[in-house]
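Colleague: Chains as they are written, first to last, in the working numbering: chain A, 1 to 475; chain B, 476 to 806; chain C, 807 to 1160; chain D, 1161 to 1554. Backbone N, C-alpha and C fix where the C-beta goes; we use that ideal spot for every residue, glycine too. It should be emphasised that the depicted structure is a prediction, and the values quoted were computed from it without experimental measurement.
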């Protein structure tokens, strides 16, 4: 093209091909709309290319690596086991490529057109897409903004070193760091600490805030850290990071004002997710933002411009793919006139560390704060037969309930299989289940599931595998 | 169309490329010439990939010289070739106007048919795409007024391919106008194979009873939008797409305006001397006694096409057309 | 022919002076002025591309890479001279005194942008290629007839030399000995068509031979060569010695316009390597550093001032009154014809909702 | 910043721009009227949301624009260009929200019926909302069911219309009326009773008044009489507040008069009838009726009614009706045609009297038949013996 704005008419444009974006695109296509998905780089977004999937390759690797001792104990014979991260990197890339082409063919099968480039809203009904020098123009009827989030780090940390890393870079490593300093109290930091500790790094974990869990989980977690020889420094804020002659020195400010410095071979920290809205031109359309600069939406995902929608990390709430996916589908359906609703009350929180943690609903502390007459029950995994035979005896299931109505308020678990088992908990919470709703169904035996059953039974002191002394602990 | 015809979904600009590809494949005599049409595939990508496919001998990047290459195209035409010349915008054709006016259009007459000029000039035209000055001109009447050249103007991908093939096959010069606003705005099923749309034949786009709206190029969509809005108000409009501006489809115009008795002509070109006036002459000649209201014209103004910041004031839109429809309907 | 038309350089790519005779004419002040203008127009150019991407202006023709040609030539002009630009020469017009706001208005599709500042003889950008050349000849010839010492400069590209208007313009100027400088910026590409497909000649300067006009082929990224050679040509014009053709060899880094994609027709690596080795701004900076003229701090302050000036112009642009439909009608004739008057009234009525 | 046409009442969907009250470039104060718009029901002025300068009109006079459209652009004082960061008021925060004690399936039932489940009281243990609660809410005390009416299924009706069948638009005022009427009938258990009233004396009183130069319409007399009755039976000048579990007795007697216009029914309101003379009422009634017929009623003139009167007598027909209450009012009274009829008087003689029927609908949740009959009895007495009104003079 040489001059002018030769514009192509589109029906729906989705900006951003992350999990939220592509779910929205395919759902909308399924509802009979013509969808154009604009992606600046790779479909799958942060989750597939940078975040969840790469990190899960590592957590899975560490979990399997840890098992080898147990496998030998059972009689599997093999030689020395070594963790080769270079091979793991290839495996990771292969899996990501497979998953990405899976999404691309899904889009194709659903007639979702993928356009590469950077999108900018030019008006409320027109968008420009820049790909190198190519600049294409589309008119649209509806748009979904799913541009995700960018990570932000405190000023003054120089990441231009192969030893001072952002959380995504650590999953690019091809060698196991000797002494790893991890800074952060979120699930990503915990996973990193756990993975590299399992693989043989000496890990120091610096917590800048309290752990985001029920107190029982936090307490057990600290015990596990001790057991796994992870050095934990609580309530500290990072001040400086310097990389000199192969050593990373981290300067910390502890809660009591004391300045400490720690030395290690590598440093990693997780950033804060902020909505990625720069350059997409929404400010000039005067789309309403929240106080924290997220896009303001209604419960269907509609922004202050009724035919522009926003989902995922550009909207407030936890920065999780699960949220974006739900919002994406809801927005597509709402566009088709279906009645939809997104309720993020019971977003399951999962930490794939060793042992895994999974939670949903209110913590004991939150439940008390909200004024419930709280009863809790904790069932240690140790009492579960299947856990015994797998030799995965760490962890417990804790249930929080309202003793006035028997309503289950929250479920918190740590132990092998927690990420899968939490689904039963989430389902129960969404059904507004009371204790009997959990106790009445039959649970497979032997399996980890029984830990959940017994935790619920424990609310009334009726769990068979909990010793009477423990039964009385139900408060 | 037979049900076995293979179809593909194309934008207008893709359909135009397709027409040229079909004709380049069919005959060695066909060749393309123009500025930036080779490596670059044309400033609107209308010749995208054709130089790679057919070679630099048949898809010629010319120097920046409209009078030169159109004059040369005339020379090739009278010496056995069927050149298809692209000017980047109708507004840039003026250096070549002399060549067209004084030669292309009268070679056959001058030589009693000994020399002929089977030349097609393709020209993107019209406003509405926020292009700079001159790029948005709509001066089709300068050519319909010129004896010896046919002027066609498709509004859809299907018609674009069929008309362009017909134009290339036509033994005389044809100016092929391409409304830029329609280039990529929508897609349509187009047969993969060769077919033609007859030059000189318009078509009924929407059937109706009360008012005839006559348009071409980018104004067809405007007319259709107005017809939809009029339907909401209880006025049934028949929309005609003339497709050929010289010679006009007299039969189509007459049959429609005799049915409705009320007519609105829409064009984005200037009012004075516009093709709309020739449409009016046909109505006057053939259908005077059928008329229930004076024909309304909705056109651009007698001003240069303004800079694009003022374009929306200049261009007829469905609101303006609707007002005219209501006026003739209420007359 | 290329031997007869050797590239004239005053400063080489490393920023070293290669023609000592100019030493006396080059002062710190002059180079600082050059630097300021180069930064100013480059800042504007980059901003304009980004404004287009945001839909805040329309299609835009960037000139990045050609700054020395435009600044050097425009600074050689005198206040009452005439400037006839093409659409890519607003670097020259703003250097010669056009307002940034008006240039932005032009690219936003507003006729108002074509109005030059009071007293400035800046004509509107020539959109159809080469059409401005005969105008410049005419305007220059008019100055000659009036008996002034004012001259005209006309800007055009390599592709323009293929148009009839180029040849007709040169011939007329030659015959009339019009005080005009034909300033050709040879950036090697007419949209996608490279010079070797545009013409058989290796140089543009040689075309002047046919019209018996003096010509010179200069390094268009060497601001000194551009400035001094343009001064000379203008001086000849003022002295009644007639026209000159200057071929200023340069390069546009980017696209033909923001709607164009240069990767379709050329390897952008070439642009990048030229940017690295032969950037007009870098060359001047190197020169200044060698001389110890203009420290970092001063340069940063110039960059900041220019950015501020451009931002201010953008603010003015966006605060500019909305398009007034009367503008379409009121300037077609000195007195509107009844047709135009009637069409105007109808439109205004409609806009008022009557 | 944009100034938009907001929904200024009664779920309007569009409005016509009558004229601008300011010019581009004007400096305006917050709340200064900027533009006059005309809706199905009234004329209204859009005020400036803040002090500033008018930058541009984005619509033109005479244009009809949907709610939500931008009418003009304004710039805030002190030239603040920054991006607006207002919070969209109608937004529900996705995050901190009360837990909904209902299964996802039950929530879907609510959603699909346009019910905001947060408004439904759960009957299950601990306040769990069951499917039945949703259905009950829909049938009995639906507040949000209105939504369903405003968004009729777009597809369902299409097939029913034959291509050449004549249609009349179901939009604007008509749609408003439809929605209000359905809403009222769905929420209020209506009870209607009839009474006949001898207006012979009133007619002759009226004639006497007229001869004396003081013309008073029957309608004005009825309204004043109703006000007297409402003072004695305030339950009919009330509003049911279910959320607070109380009936709010209104101190003002704001009596709406139903006016039949070309575009349909509209109910302008005479305020403070209890404080006004019959002459005032007569004058105001006339003015409001004219405004209603001309479509010139302002918003405030159709709002805040506490009781409605429908005088169908002048239409020269109908002897009874079951009027629909003008929600959220409690009662409505219709006056029917006056007709000479043979009546039996106290002396058992058959005499010719001018008789008029009235129909009264009331909300049976709030009042019972006994009270309603007492109300109409009292009204009958006041109308049959105009002199008795003297006792009510203040």
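1. Count the C-beta pairs between the region 1516-1529 of chain D and the region 1344-1351 of chain D that are closer than 8 Å, then say yes if the count reaches three, no if not.
2. Run the CB neighbour count on residue 1550 of chain D, radius 10 Å, all protein chains shown included, and call it buried at 16 or more, exposed below.
3. Just how far apart, CA to CA, sit residue 1283 of chain D and residue 229 of chain A?
4. Cβ closer than 7 Å: which chain B residues qualify as neighbours of residue 5 of chain A?
5. Which value, in whole angstroms, describes the spacing of the CA atoms of residue 705 of chain B and residue 688 of chain B?
6. What residue from B/595, B/801, B/614 and B/621 has the CA that sits closest to residue 702 of chain B's CA?
7. Quickly, what does DSSP pair residue 245 of chain A with across the bridge? List them, please.
8. Show which residues of chain D have a CB atom less than 7 Å away from the CB atom of residue 240 of chain A.
9. Identify which residue in D/1469, D/1434, D/1484 and D/1517 has its Cα closest to the Cα of residue 1478 of chain D.
10. Terminal residues of the continuous beta strand (DSSP E) containing residue 118 of chain A?
11. In angstroms with no decimal places, state the Cα-to-Cα distance between residue 1155 of chain C and residue 861 of chain C.
12. For residue 1419 of chain D, which residues from the same chain have a beta carbon less than 8 Å from its beta carbon, with the 5 sequence-adjacent residues on both sides left out?
13. Give the C-beta separation of residue 484 of chain B and residue 659 of chain B to the nearest angstrom, bearing in mind that I take them to be a contact with Cβ-Cβ under 8 Å.
14. Between residue 1159 of chain C and chain D, is any beta-carbon pair separated by less than 8 Å?
15. Closer than 8 Å by beta-carbon distance: list the chain A residues that pair up with residue 1212 of chain D, in chain order.
16. Rounded to the nearest angstrom, what separates residue 37 of chain A and residue 873 of chain C at their Cα positions?
17. Give me, in chain order, the residues of the same chain whose beta-carbon lies closer than 7 Å to that of residue 1442 of chain D; leave out the 5 immediate sequence neighbours on both sides.
18. According to DSSP, what are the bridge partners of residue 1406 of chain D?
19. Using beta carbons (cut-off 8 Å, strictly below), is residue 1263 of chain D in contact with chain A?
20. What does residue 1442 of chain D pair with, by DSSP beta-bridge criteria?
21. Does DSSP put residue 414 of chain A in a helix, a strand or coil?
22. Which same chain residues, not among the five before or five after residue 346 of chain A, have their C-beta less than 8 Å away from its C-beta?
23. So with Cβ pairs under 8 Å, would you call residue 1066 of chain C a contact of chain A?
24. With a 10 Å radius around its C-beta and 16 neighbouring C-beta atoms as the bar for buried, classify residue 1406 of chain D as buried or exposed.
25. Mind checking which residues open and close the alpha helix (DSSP H) that includes residue 841 of chain C?
26. Give me the subset of the region 656-677 of chain B whose CB atoms are less than 7 Å from a CB atom of chain A, sorted by chain position.
27. Buried or exposed for residue 76 of chain A, please, with buried defined as at least 16 other CB atoms from any protein chain shown within 10 angstroms of its CB.
28. If residue 695 of chain B and residue 716 of chain B are in contact, beta carbons under 8 Å, what's the gap, nearest whole angstrom?
29. Looking at chain C, is there any beta carbon in it that lies within less than 8 Å of the beta carbon of residue 1478 of chain D?
30. Using a Cβ cut-off of 8 Å (strictly closer), state whether residue 9 of chain A contacts chain B.
31. Would the region 201-220 of chain A and the region 168-180 of chain A be scored as touching if the rule is three or more Cβ pairs under 8 Å?
32. Taking only the alpha-carbon atoms, compute the straight-line gap between residue 9 of chain A and residue 1032 of chain C and give it to the nearest angstrom.
33. Check the Cβ of residue 1129 of chain C against every Cβ in chain B and list those closer than 8 Å, keeping chain order.
34. Counting only beta-carbon separations shorter than 8 Å, does residue 289 of chain A have a partner in chain C?
35. Residue 1217 of chain D bridges to which residues according to DSSP?
36. Who pairs with residue 401 of chain A in a beta bridge, going by DSSP?
Modeller: Checking against the coordinates, here is how it stands:
1. yes
2. Taking the first residue of the fourth chain as position 1, residue 1550 of chain D is located at position 390. Label assigned to residue 1550 of chain D: exposed.
3. Taking the first residue of the fourth chain as position 1, residue 1283 of chain D is located at position 123. Taking the first residue of the first chain as position 1, residue 229 of chain A is located at position 229. Computed Cα separation, rounded: 53 Å.
4. For the purposes of this step, residue 5 of chain A is taken as residue 5 along the first chain, with counting starting at 1. Under the 7 Å cutoff, chain B gives 604 and 605.
5. Counting from one through the second chain, the residue named residue 705 of chain B turns up at place 230. Counting from one through the second chain, the residue named residue 688 of chain B turns up at place 213. If you take the alpha carbons of residue 705 of chain B and residue 688 of chain B, they lie about 11 Å apart.
6. Translated into the one-based positions of the second chain, residue 702 of chain B becomes position 227. Residue B/801 is the option with its Cα nearest to residue 702 of chain B.
7. As a first step, residue 245 of chain A is located in the first chain; it is residue number 245 there, counting from the start. Paired residue(s): none; residue 245 of chain A is not in a bridge.
8. Within the first chain, numbered from 1, the residue matching residue 240 of chain A stands at position 240. Near residue 240 of chain A there are no residues of chain D at all, since even the closest Cβ is about 34 Å away, more than 7 Å.
9. Sequence index remark: in the fourth chain, residue 1478 of chain D carries index 318 (1-based). The shortest Cα separation from residue 1478 of chain D among D/1469, D/1434, D/1484 and D/1517 belongs to D/1517.
10. For the purposes of this step, residue 118 of chain A is identified with residue 118 of the first chain, where counting begins at 1. Residue range 118-123 is occupied by the beta strand (DSSP E) that includes residue 118 of chain A.
11. As a working note, residue 1155 of chain C is residue 349 in the third chain. As a working note, residue 861 of chain C is residue 55 in the third chain. Cα-Cα distance, rounded: 30 Å.
12. Position 259 of the fourth chain, counted from the first residue, corresponds to residue 1419 of chain D. Only 1425, 1426, 1427, 1428, 1448, 1449, 1452 and 1453 meet the Cβ criterion.
13. As a working mapping, residue 484 of chain B is identified with position 9 in the second chain. As a working mapping, residue 659 of chain B is identified with position 184 in the second chain. Wrong, their Cβ atoms sit about 13 Å apart, outside the cutoff.
14. The count along the third chain starts at 1 and reaches residue 1159 of chain C at position 353. Yes, contact with chain D.
15. Translated into the one-based positions of the fourth chain, residue 1212 of chain D becomes position 52. Going along chain A, no residue has its Cβ under 8 Å from residue 1212 of chain D, so there is no contact; the nearest lies around 15 Å.
16. Counting from 1 along the first chain, the entry for residue 37 of chain A is found at position 37. Counting from 1 along the third chain, the entry for residue 873 of chain C is found at position 67. Distance between the alpha carbons of residue 37 of chain A and residue 873 of chain C: 39 Å.
17. In the fourth chain, counting from the first residue as 1, residue 1442 of chain D sits at position 282. Taken in chain order, the residues that qualify are 1376, 1377 and 1380.
18. For the purposes of this step, residue 1406 of chain D is taken as residue 246 along the fourth chain, with counting starting at 1. Per DSSP, D/1401.
19. Position 103 of the fourth chain, counting from 1, holds the residue named residue 1263 of chain D. At least one chain A Cβ lies under 8 Å of residue 1263 of chain D.
20. For the purposes of this step, residue 1442 of chain D is taken as residue 282 along the fourth chain, with counting starting at 1. Looking at the DSSP assignment, residue 1442 of chain D forms no beta bridge with any residue, so it has no partner.
21. Counting from one through the first chain, the residue named residue 414 of chain A turns up at place 414. Correct three-state label for residue 414 of chain A: strand.
22. Taking the first chain and counting its residues from 1, the one referred to as residue 346 of chain A is at position 346. In chain order, 360, 361, 426, 429 and 430 place their CB closer than 8 Å to the CB of residue 346 of chain A, counting only its own chain and leaving out the 5 sequence neighbours on each side.
23. As a first step, residue 1066 of chain C is located in the third chain; it is residue number 260 there, counting from the start. So, interface residue.
24. The sequence position of residue 1406 of chain D within the fourth chain is 246, counting from 1. Residue 1406 of chain D comes out exposed.
25. As a working mapping, residue 841 of chain C is identified with position 35 in the third chain. Start and end: 834-859.
26. Of all residues in the region 656-677 of chain B, the ones placed with a Cβ closer than 7 Å to any Cβ belonging to chain A are 658, 659, 660 and 661, in chain order.
27. Stepping through the first chain from its first residue, residue 76 of chain A is reached at position 76. Flag for residue 76 of chain A reads exposed.
28. Here residue 695 of chain B refers to the residue found at position 220 when the second chain is read from its first residue. Here residue 716 of chain B refers to the residue found at position 241 when the second chain is read from its first residue. 5 Å between Cβ atoms; contact.
29. For this step, residue 1478 of chain D is matched to residue 318 along the fourth chain. No, residue 1478 of chain D lies away from the interface with chain C (no Cβ there is under 8 Å from its Cβ).
30. On the first chain, residue 9 of chain A is found 9 positions in, with the first residue counted as 1. With 8 Å as the cut-off, residue 9 of chain A counts as an interface residue toward chain B.
31. yes
32. Position 9 of the first chain, counted from the start, is the residue given in the question as residue 9 of chain A. Position 226 of the third chain, counted from the start, is the residue given in the question as residue 1032 of chain C. About 47 Å.
33. Counting from one through the third chain, the residue named residue 1129 of chain C turns up at place 323. By Cβ distance, chain B contributes 784, 785 and 788.
34. Mapped onto the first chain, residue 289 of chain A falls at position 289. Judged by the 8 Å Cβ criterion, residue 289 of chain A is not in contact with chain C.
35. Translated into positions along the fourth chain, residue 1217 of chain D becomes position 57. Residue 1217 of chain D is bridged to D/1232.
36. Here residue 401 of chain A refers to the residue found at position 401 of the first chain. For residue 401 of chain A, which the question treats as bridged, DSSP gives the partners A/375 and A/408.
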